[in-house]
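Right, one structure below, let's go through it.
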Amino acid sequence: MKSHLMNKKTMAQSCRVSATAFDKWGVTPVERKGREAFYDVASVIDNRVNNAINQLTNDKGEIDDDELLRVRIRLMTAQAEAQELKNERERGEVIDTKFCIYAISKLASQISSIMDSLPLTMQRRFPDIRPYMLDELKREIAKACNACARLDENLPQILADYLMETTGSAPEKLLQNKGE
Numbered sequence: 000m001k002s003h004l005m006n007k008k009t010m011a012q013s014c015r016v017s018a019t020a021f022d023k024w025g026v027t028p029v030e031r032k033g034r035e036a037f038y039d040v041a042s043v044i045d046n047r048v049n050n051a052i053n054q055l056t057n058d059k060g061e062i063d064d065d066e067l068l069r070v071r072i073r074l075m076t077a078q079a080e081a082q083e084l085k086n087e088r089e090r091g092e093v094i095d096t097k098f099c100i101y102a103i104s105k106l107a108s109q110i111s112s113i114m115d116s117l118p119l120t121m122q123r124r125f126p127d128i129r130p131y132m133l134d135e136l137k138r139e140i141a142k143a144c145n146a147c148a149r150l151d152e153n154l155p156q157i158l159a160d161y162l163m164e165t166t167g168s169a170p171e172k173l174l175q176n177k178g179e
């Protein structure tokens, strides 16, 4: 069976953590080529499972009942929140961010198309309109069309800004997109 290896940066991204956090996990590389270390998924899973077991056991190697209870409560809370979110999605009360970006991008594309034909429409309806007025209208419409065209790129940043203003935090994924 062929082993699929990833470098540290790629493995950290697939685990949704920073490279620094991945380093702190202390995963042993499967292979090294020069200065670069390569990891496989099995070694990362082993590391995380061992870490979880170590957190649940006390100094004597026995399972710490209090810690186990805390972990179970945290797990049950997360499961309840996930189920609640799933139910809200099924009722149509919440929608995925990716769908919002897709839908708003389609709408922006339609608006851009309409605005693009606006100078010609104005010229046909008002034949006496002066050329400099049409040129100015075209310039402003071009700005609006460009803003519409970039909307799908800007929505994650807009969402991150909104979440920072309303909740004081935003998902790391959105903050990373903001810096790119």
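At position 50 of the sequence shown (counting the first as 1) the number is 49 in numbering that gives the first Met the number 0, and the numbers step up by one without a gap. The beta carbon of each residue, even a glycine, is placed where N, CA and C say it ideally should be. None of these values were measured; they are calculated from a predicted model.
query	result
According to DSSP, is A102 part of a helix, a strand, or is it coil?	helix
For the putative contact between S42 and V16, defined by C-beta atoms under 8 angstroms, what is the C-beta separation to the nearest angstrom?	In fact, because the Cβ distance is near 15 angstroms, the residues do not count as touching under 8 angstroms.
If you compare alpha carbons, which of V29, L173, T19, N49 is closest to M5?	V29
Within 10 angstroms of the Cβ of M0, are there 16 or more other Cβ atoms? Answer buried if so, exposed if not.	Confidence at M0 is low in this model, with a pLDDT of 46, below 50, so the placement of that residue is unreliable and no value is reported for it.
For N53, which residues from the same chain have a beta carbon less than 6 angstroms from its beta carbon, with the 5 sequence-adjacent residues on both sides left out?	none
Within this structure, are the beta carbons of S116 and A148 separated by less than 9 angstroms?	no
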